[in-house]
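Numbering (this note's numbering), first residue to last: 3 to 649.
Even glycine gets a Cβ: it sits at the ideal position worked out from N, Cα and C.
Heads up, the thing below is written out as structure tokens.
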């Protein structure tokens, strides 16, 4: 391309600024050329004099290759390898403008060579993107992470064989791409199944956040409070039981955060955790705690956690958080996506605190430890695999339940085996250097931990495990090696037990400030202001809530639902040929994201069935809204007694 940027290239660079970086005179160890094929008007790419596609008719080769793929208008299409430029052109022409097509190459220097003849016309089309070279692969995966997965039905990968067979980088990129896409699809399916339950639970938990027992706190109270200390994250993998003796030996050097499934295993071993984490929106999580004395162990619970568990007096305090994902969108802006219902937290808590999660309790617990500020974290029982062809450590609720099914013809081993065989399994490298069996979901969690390990360089991470799956970036240690590593760590003397979250004591105003000032536990509090503005709606209590905010949130939601019902009736009476998605009530619902998410599944269904006529679309959408209003009302009615109307 000439030194003067032409108008078309300038327009492309304005929409996709990163593309201009390809013209910064990168140096290559190879010689790339765009050569003329024997058929007039056709071209191929050569690398060090070797053609990367047919040198006779690359166009014919491209057409034949594409005939083997069935591409839908709702697919994301990724082409690996730029060696046949006619393949790029044909993919572009075969798909609609706006449909996501991503071209991936292996070197930055190839882009200027292809720019004027091939890339410039293609990249003018909306939805077309290019990432070539190691420096641009992070941008590629950032873009994948930010894609609106709701609008697509599948991923189609096209390979230029000469490129992909020659360079192993394409296999690595494809594997990681499949992992990212699978995680996004899994996340979407989880939202389909649980989003309405998350909203219902969040509403209930927020409305009752000021009620006690138990006393509720936001996790923001603990932000960076325990810097320099060491923690152990305890999961319920099969290897947990054999390493409990190590945990007993180092107990006075570490903060123990237990996943809900592993808590009973610790209690039976005489180990009292310093906190336990739950994430499950269903009432099944109750069984992990039932029958145990837990008054001295705070429950770290996402706002979507089951209200049945949170309203039980077995816990003295509950530490709330919301799950939020931060990612860079296609324009390069940082976007926060909070779990459905979490957006309502600001009505009750001054600052509840965002936690990132990979979908499991262990991933959430790990980010909580990062949020709290621990410098070193040891993983225990984090097998992420069926070590010994078992699913959980003995002593968990699951194992207790399975023991009741054991008979002469039905052993515990057989119960585990039946469950494992129903899952999509594969072998992965183990901590011992061999292979261990895992499944699709556990492997997604493993990849999440591996990605997280690269982004928390300030933390020291160790996996006390010899049986489970290897987690790249988190070195595996034997219990003896882990004990030796902790030799130089002094006993901590349990400093967190002075905090109200552990003591359960809510001091008032100056008393609270005087006791905890200097320990970093009153950050964000102005106790003088609290005393002066006790009747002010915006006053923040010592547990981090806005006074009477639960009642206010309840009335807001009740008003919202009544308003929507009245507007639906008006729309049905007054319109016949207007799209509901153009109506004022629909536009208003966009600002109330908790309502919009209740009908996410229906909205995506309509996006993927554009052939439906207007009347049917309106009917489906309105029926869905009415159904979700009834669902939410049934959740709200039990709260009516808590906030009786005056008059």
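{"Check": "Under the assumption that residue 231 contacts residue 376 (Cβ atoms under 8 Å), give the Cβ distance between them as a whole number of angstroms.", "Outcome": "6 Å"}
{"Check": "Thinking just about the alpha-carbon of each residue, which of 87, 263, 342, 355 is nearest to the one in residue 197?", "Outcome": "342"}
{"Check": "Do residue 75 and residue 94 have their C-beta atoms closer together than 8 Å?", "Outcome": "no"}
{"Check": "If you follow the alpha helix (DSSP H) that residue 304 is in, where does it begin and where does it stop?", "Outcome": "Element bounds for residue 304: not the alpha helix (DSSP H) but the beta strand (DSSP E), 301-304."}
{"Check": "Take residue 374 as the anchor and find which of 316, 498, 345 has the nearest alpha-carbon.", "Outcome": "498"}
{"Check": "Is the region 53-66 touching the region 84-93 in the sense that three or more CB pairs, one from each, lie closer than 8 Å?", "Outcome": "yes"}
{"Check": "Does DSSP classify residue 16 as helix, strand or coil?", "Outcome": "helix"}
{"Check": "What does the alpha-carbon distance come out to for the pair residue 219 and residue 593?", "Outcome": "27 Å"}
{"Check": "Do residue 112 and residue 134 have their beta-carbon atoms positioned less than 8 Å apart in this structure?", "Outcome": "yes"}
{"Check": "To the nearest angstrom, report how far apart residue 169 and residue 108 are at their CA atoms.", "Outcome": "8 Å"}
{"Check": "Can you grab the Cα-Cα spacing for the pair residue 117 / residue 68, in whole Å?", "Outcome": "22 Å"}
{"Check": "Please report how far the alpha carbon of residue 536 lies from the alpha carbon of residue 352, in whole angstroms.", "Outcome": "At residue 536 the pLDDT is 38, less than 50, meaning the model places this residue with poor confidence and gives no usable figure here."}
{"Check": "Report yes if the CB atom of residue 430 is closer than 8 Å to the CB atom of residue 387, and no otherwise.", "Outcome": "yes"}
{"Check": "Have a look at residue 337 and residue 482 and give me their C-alpha separation to the nearest angstrom.", "Outcome": "43 Å"}
{"Check": "Using CA atoms only, rank isn't needed, just tell me which of 245, 77, 200 is closest to residue 281.", "Outcome": "200"}
{"Check": "By how many angstroms is the C-alpha of residue 316 removed from the C-alpha of residue 484?", "Outcome": "34 Å"}
{"Check": "Can you tell me which of the three DSSP states residue 36 falls into?", "Outcome": "strand"}
{"Check": "Starting from the C-beta of residue 547, find all residues in its chain whose C-beta is less than 7 Å away, skip the five residues before and the five after it, and write them out in chain order.", "Outcome": "211, 212, 350, 351"}
{"Check": "Which residue spans inside the region 406-481 form an unbroken alpha helix (DSSP H) run of at least 4?", "Outcome": "414-423, 442-457"}
{"Check": "Would you say the region 270-289 touches the region 303-314, given that touching needs at least three Cβ pairs under 8 Å?", "Outcome": "yes"}
{"Check": "Are residue 371 and residue 235 closer than 8 Å when you measure CB to CB?", "Outcome": "yes"}
{"Check": "Tell me, to the nearest whole angstrom, how far the beta carbon of residue 495 is from that of residue 238; I am working on the premise that it is less than 8 Å.", "Outcome": "That pair is no contact at about 28 Å."}
{"Check": "Do the region 161-176 and the region 557-568 touch if we need at least three Cβ pairs shorter than 8 Å?", "Outcome": "no"}
{"Check": "Below 8 Å on the Cβ atoms is my contact criterion, and I expect residue 396 with residue 243 to pass it. Report the Cβ-Cβ distance as a whole number of Å.", "Outcome": "6 Å"}
{"Check": "Ordered along the chain, which non-local residues of its own chain (more than five positions away) have a Cβ less than 8 Å from that of residue 428?", "Outcome": "439, 440, 441, 442, 445"}
{"Check": "Who are the Cβ neighbours of residue 14 in its own chain at under 8 Å, not counting the five residues just before and after it?", "Outcome": "21, 122, 125, 126"}
{"Check": "Kindly indicate the opening and closing residues of the beta strand (DSSP E) around residue 158.", "Outcome": "156-161"}
{"Check": "Run through the DSSP bridge pairs and tell me what residue 183 is partnered with.", "Outcome": "DSSP lists no partner for residue 183."}
{"Check": "Apart from the five residues on each side of it in sequence, which residues of its chain come closer than 7 Å, Cβ to Cβ, to residue 92?", "Outcome": "64, 65, 68"}
{"Check": "Have a look at the DSSP bridge pairing and note the partners of residue 194.", "Outcome": "DSSP, once it has assigned bridges, lists no residue as partnering residue 194."}
{"Check": "Apply the 10 Å Cβ neighbour rule to residue 611 and answer buried if 16 or more other Cβ atoms are within range, or exposed otherwise.", "Outcome": "exposed"}
{"Check": "Find the nearest neighbour of residue 422 within the set 390, 549, 411, judged by alpha-carbon distance.", "Outcome": "390"}
{"Check": "Can you tell which of 409, 384, 408, 459 has its C-alpha closest to the C-alpha of residue 473?", "Outcome": "384"}
{"Check": "Could one say the Cβ of residue 343 lies closer than 8 Å to chain C's Cβ atoms, at least one of them?", "Outcome": "This model lacks chain C altogether; it includes just one protein chain."}
{"Check": "Assuming contact is defined by CB atoms lying nearer than 8 Å, are residue 344 and residue 221 in contact in what I supplied?", "Outcome": "no"}
{"Check": "Rounded to the nearest angstrom, what separates residue 588 and residue 128 at their Cα positions?", "Outcome": "27 Å"}
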